[in-house]
Structures are given as structure tokens and as C-alpha cells.
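Following: one structure in C-alpha cells, then a few remarks.
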DNA sequence: CGCCAGTTCTGAAGCGCTTAACTGTCGCGC
DNA sequence: GCGCGACAGTTAAGCGCTTCAGAACTGGCG
């Protein structure tokens, strides 16, 4: 039992960075003044200001955000929960960064991963004192979201909120789907199937919208919803299912782009021409669909708009305490490319 | 609705989250003891421990990481710089989370995005007091990395370090490429081209390894490096370039999976069968390549191993001050699937 | 009985920063 | 002269946590 076994008291701070006190000493002023100058607050003379800035620069001073948030009692940080595998999430995050920055907020990312479920990932965010949460992934069946919404301003993206405590920002799924169905009907299609996105965000709405759109065109009899998910495998499975049947629909509305790509692979693998025999429409307009040799007709979601609204909602609620839960609907727009064509005339 | 009213020290204007003092008051002990119990340190009686835990739970107490890092002078946080668009980064991050957790470290993600370059993204990480950095993306030509390495333990992933101040963890590119070339040669290929990955991580090594492997098989005359990048567009461009020429190579080593997929699209679009006329090998073994209808022969990188080593290197350097820069090489392994076959006999 | 060692717990001092609240100085109008 | 507001600074009090030096209590042993 000797105390020679010291656990590296200095580990992790071998590179002690300069503190505000160091800067103050070097500039010959008080810490407070340094604080003021560094935050561009009035109350310091031009010459002193200059001197402080110079000292800070020379010392390579960098404010300690932990201390800042502790001192001011708030972090000005928004946590984003995402899935690393969804390209559309990447799109959203890319738009969230500038949106948050413009409002003076910082962004922290937390991803779900195997062994790191939604709960763990949001806990991490909360532990880092995020003041608001933007959930790009959220299990509608979990009650976590509701608890969260009670504790911190929360915005769920991509689906309608299932609780009154959180805001919601999502695409006008109905509009996008309607445009897609209209487009296909105009081309002459009648047998239009839909691959469902399962629990994925927006799927329920897309399914409903698909049914409604079909009925509007008096195609209720042709309605066909194939269970699926928002990934390539689901598209492949759906494609194989269709190939195994007597006759194919002439068009398919996939759950999203990844699903559409899987579907097209399966169909082409089965000797079915796209769009010759079957037209395919995706959803997301992710970078995959742009690719010249995929060239997918798809529904574009307004990633920028969604991101901006999500951030704005979160911030407003943060700064204005008791707002009612809001639902923001962003535009959707069909982008016609090369995977849709008139059905083959028999 | 079960809000138990207990003598709260902060009563009056709270609505804030519970602090350690609240827990202490509720359990009738000192703040210090709560701190001990919550961190599972010895020094508290079993009964008290129980009581504290219960109180904490009832108050929904969550430690404030900002305050923690401030108090203990360190953050135990590793910052990861990533690109949201690279599936392989997703893979790595998924493995980094558990690796870091096991060593008692937290992970903060920062992504590059338009308007948010490497520098901005790492600044954010540093501002959040990350003690070490794992760079999944790093511009070898930028001198930032070197500066970083001087300031905080830094590990670059996927490429060799260009400065002596940082550790590096990367795949045995040569081994993977050699296996791929061996495989193709065994199948009977001689005209094996390589699409270069440009500035992407590992590309330079892969290029060199490709040349070496070809020479080993006395195929120096067949060496052909097509400029490219690590994405689908580059694959498409390369495919179109090849199609425009008089005769095709019989096999192509793509820069990575995404590139391979673009290439295959272009080739098939041009009426060239894969693997019938041209065999294609990818790199990364990303989830894309598993898809049954892509079924890409590819080189698997050991994401888990890379992640673990990156984290371990960072932590060791953190806890052991002055280690020399290290280079860790992880295994690579060819995964043979369906895009490679013997060349068509003329 | 006194003394030491162990165990369980407390008090106080910060970590690096922000935020009042306060002290001096000016220059100006009266 | 005097008061006054505007400016340039300062001091002091924390934010929520950890840590270090003890304070109370055991109890065992000479």
C-alpha cells in the first residue's frame, strides 16, 4: 500500500493552454476586461482593446467553452441525433451547421450505432449540455421522445410528432407523392405499386398519400402496398417478390432512393427493363439519384428548408419558453429524370 | 404529477435541471459524498450509497459534463473529424464509439461540410476541449495537421502521416492491392487498369502498390493508372473514358467501392458485361458491396481494428506525454464476390 | 486508557469563465 | 464650484463539479 502509484495527475493536460488570467496579466488588465474585449462588448478603450487582443493572440488563447457555458449558465449548443448511414441525414446536417451558426448556436452531432441506441446517443448530447435537440432519427414507438420534449426543446425531423411536447418539421409527403402519382398516371400508368418504408420517417404519410392519390385517379383497385424499409435490401426484396409473381406493376413508387436503387438492381437482374417495362420513382433526391447512370426520377425534399426550420423552431422555443408545439411542413417536388416512361403498350 | 416536494436549496427560481447540491440535500449528505457515489468511488457506506442513488434517480439528475471537465481539468473527450458522405467513415465512427467508451473516453463528432472546412471543424472540436483528435479526413497538403499535432495528440486515419508530430493508422494498402492483383492474374487477366483515388486517403499507397504488384507479375507494360477520385462520378467518368477507346482492359481496380459502382454503371450502360467482359474490384467492403445485386469483389479494410488502434494511440499519447509518432498498419483482405471472373477468351 | 488505523463523511478551495455591482476619472452645463 | 452622466476599469460572487485535507466515529490492541 504505498502511494508511489500515482495515476498520472497531469494526464490530458500536458499542454496547459493559456487562460484568461494569463492574457490579463500579459496585457496588464483585469480578467473581466479581457472577457469583455474578447466578446466584443463595449466597455474597453480602443488602445486597451488592442493590447488585449494582441496578448491573446500571442498566447494562442482559445476560450474554454466548458467554462463559458458553466459561467453563463447556458451552452448555446444544439444537439443533433443522426444516423450515419442515411445519406439524407448527411444532407440535413450539412444544412444545419450554417443555420445554427447564423443564430449563434453551436452544433453537436451524436450518431446511433450498434451498441449505441437512440437513448444512449441523446443522453450523450444532454450530458454535453445541449439546450435543444434536433432528432433526425426517432422511434415513434419509444416514449423517450415525449420525456425529452418535456425536458428540453426538441424538434423531430422527417415525421409528424407523436407527442404534443415536441415540434416537428417534415416534408409535404402528400404533395410529393401526389406529384409522382400524377406524373405516372399522365404517362399512362395504372398499375402503380408502392414499397412502404416501414418505420422510417415519413413512411406512414407517404403510404397514406399514395392511397389517396390513387383514389383521386379512380385507381383504388390498383392500390398495392409492398412492405419494405428505407434501404437497398428492402428494394431488392420487393423486386424479387414482384419478379416471382405472374405480372408486374408498370410503375413502382419506392420508399426512398436507396430502396429504388435496390429495386432497380433486382428488376434489371431479372431481365426487366427500367423504365421500359417498369417505371421507378425514388424519394429524397440524394446524391445517388443524380448519378448519370442511375438518373432516378425522385421526389426532392428541401433539406435546407427543413434544416433551417428545425433549427429556428428549436431556438425560438429556447428563447421564448412556452410556445405551443408546432408543425412545419416543407416543400416537396418531383424531379423527373430517366427512370419513368410511358408503360409499354400491349 | 408526482413531484415530491422536499426542502430544495435552490427552490424559488429553478425549473432548471437538478444539480448535485439538490441530490445531496434530498439524500441528506454532502455534495462531496454524492460526487463519490456517482463516480463509483470507494468511501461511502452501502446504505448511504443506496440513498444517494435513489435521490439522484428521483430527481432525474444528470452530471454536467461542462462542470466536470472544468473541475477535473480535463475532458476525457476525443474529437473525430469526419466526412458525412463517406460510408467508410460511418463504419469507422461506429467502431470508434465503443472503443473510446471502453477506455473511458467520450466522443465528439465534427463533420466537414460546405462552408465548414477542416480547419473550422477541428476548431470546433478544440473549443469543446477535446484532448485528442482522430482525423478521418485530413488534407495532406495543409499544414494544419502539423500545428495540431504539436498542440494536441492527433491521429490521422487512412493515410500515412506527413508530419512527425502525429500518429497514423491505416490499412496495409499494399497487401490488399496485391491480393486483388494476384486474384485477377490467377483468373487469367493481364490488362488490369487502376482508377486512382486522387487526394483521397490511401490512394497514393494503392497506386504505388498497384504498380508494384503488376511488376511482380511481369505486367509492367500493362500498367495503366486512370486519374479519378473516391466517388461514383469518378467511376462513371473512368468508365466513359474506357468505353471511348479502342479496346477495354479486362479488369479494373477501382479507387473504392463507390468508384467501382459508378464504373460498373457506366460499363453496363455502354453494353459491357461485368464480369463477363470486364472484371471489377472495389475497395472498402462498404455496405454497398454486400448488396446481392451488386455483389462486388472488394478489399475489406478492418474498420474495427483501425478504430481501436486510432483511439488507443490517442489515449496512450494522452496519458504518456512524450511518445514518438507511431504508424499502425491494419490488415486488408480481399473479399471475392461476383464481379470478377476469368477474362473472356478471344 | 490511550493510541493508531480504518472507514465514512464534511468543508473549503478552486477549475476558467461571466455577470453584477462598484470605483474612479473625465468633461460639461449650470 | 458642484453635480452628473458617460466611460474605463475593477472587485467579488458564483456556475456545478472534483479534490484535498481533515473531522467524526468506529474498533482493536498494547
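Chains as they are written, first to last, in the numbering used here: chain A, 1 to 346; chain B, 1001 to 1346. Ideal Cβ positions, reconstructed from N, Cα and C, are used throughout, including at glycine. Owing to the predicted nature of the structure, the values given are computational and were not obtained by experimental measurement.
Per-residue contacts from residue i into chain B (C-beta, under 7 Å)
| i | result |
| --- | --- |
| residue 126 of chain A | 1062 |
| residue 69 of chain A | 1066 |
| residue 98 of chain A | 1115 |
| residue 90 of chain A | 1084, 1085 |
With 16 other Cβ atoms within 10 Å as the buried cut-off, status of residue i
| i | result |
| --- | --- |
| residue 320 of chain A | exposed |
| residue 263 of chain A | buried |
| residue 76 of chain A | buried |
| residue 1022 of chain B | buried |
| residue 250 of chain A | buried |
| residue 1125 of chain B | buried |
| residue 186 of chain A | exposed |
| residue 58 of chain A | exposed |
| residue 301 of chain A | buried |
| residue 218 of chain A | exposed |
| residue 1261 of chain B | buried |
| residue 1275 of chain B | buried |
| residue 1199 of chain B | exposed |
| residue 1232 of chain B | buried |
| residue 1122 of chain B | buried |
Residues near residue i in its chain [Cβ-Cβ closer than 6 Å; skip 5 each side]
| i | result |
| --- | --- |
| residue 1027 of chain B | 1051, 1052, 1055 |
| residue 1206 of chain B | 1173, 1177 |
| residue 1338 of chain B | 1295 |
| residue 1006 of chain B | Note that residue 1006 of chain B scores 33 on pLDDT, short of 50, meaning its location in the model is unreliable; the coordinates nonetheless yield the value given after this. Excluding residues within five positions, the ones whose Cβ falls inside 6 Å are 1026. |
| residue 1161 of chain B | 1168 |
| residue 1171 of chain B | 1301, 1330, 1332 |
| residue 1153 of chain B | 1132, 1314, 1317, 1318 |
| residue 1034 of chain B | 1020, 1023, 1024, 1052 |
| residue 1343 of chain B | 1188, 1189, 1250 |
Min CB distance residue i to chain B below 8 Å
| i | result |
| --- | --- |
| residue 53 of chain A | no |
| residue 292 of chain A | yes |
| residue 133 of chain A | no |
| residue 146 of chain A | no |
| residue 150 of chain A | no |
| residue 430 of chain A | Chain A is shown only over 1 to 346; residue 430 of chain A falls outside these bounds and no answer can be derived. |
Closer than 9 Å at the beta carbon, the chain A residues around residue i
| i | result |
| --- | --- |
| residue 1296 of chain B | Simply none; closest approach about 12 Å. |
Within-8 Å CB hit, residue i to chain A
| i | result |
| --- | --- |
| residue 1109 of chain B | yes |
| residue 1116 of chain B | yes |
| residue 1274 of chain B | no |
| residue 1344 of chain B | no |
| residue 1198 of chain B | no |
| residue 1035 of chain B | no |
| residue 1262 of chain B | yes |
| residue 1244 of chain B | no |
| residue 1286 of chain B | no |
| residue 1279 of chain B | no |
| residue 1142 of chain B | no |
| residue 1075 of chain B | yes |
| residue 1230 of chain B | no |
Interface partners of residue i on chain B, CB under 9 Å
| i | result |
| --- | --- |
| residue 265 of chain A | 1291, 1292, 1293, 1294 |
| residue 93 of chain A | 1084, 1111, 1113 |
Interface partners of residue i on chain B, CB under 8 Å
| i | result |
| --- | --- |
| residue 78 of chain A | Within chain B, no residue comes near residue 78 of chain A; the closest Cβ sits about 13 Å away, beyond 8 Å. |
| residue 269 of chain A | 1293 |
Residues that residue i contacts on chain A, provided the C-beta gap is smaller than 8 Å
| i | result |
| --- | --- |
| residue 1236 of chain B | 291, 292, 293 |
Beta-carbon neighbours of residue i, restricted to chain A and to distances below 7 Å
| i | result |
| --- | --- |
| residue 1129 of chain B | 64, 65, 66 |
Cutoff 7 Å; reference residue i; Cβ partners in own chain excluding five residues on either side
| i | result |
| --- | --- |
| residue 334 of chain A | 176, 179, 180, 183, 299 |
| residue 117 of chain A | none |
| residue 30 of chain A | 24 |
| residue 1248 of chain B | 1242, 1272, 1277, 1278 |
| residue 1165 of chain B | 1146, 1149, 1150, 1325 |
Residues near residue i by beta carbon distance below 8 Å, same chain, minus five either side
| i | result |
| --- | --- |
| residue 60 of chain A | 17, 18 |
| residue 103 of chain A | 311, 312, 315 |
| said: For the structure I just gave you, are there three or more beta carbon pairs, one from the segment 1087 to 1104 of chain B and one from the segment 1275 to 1288 of chain B, closer than 8 Å? | reply: yes
| request: Answer yes if the segment 260 to 279 of chain A comes into contact with the segment 308 to 317 of chain A, meaning at least three C-beta pairs across the two stretches below 8 Å, and no otherwise. | output: no
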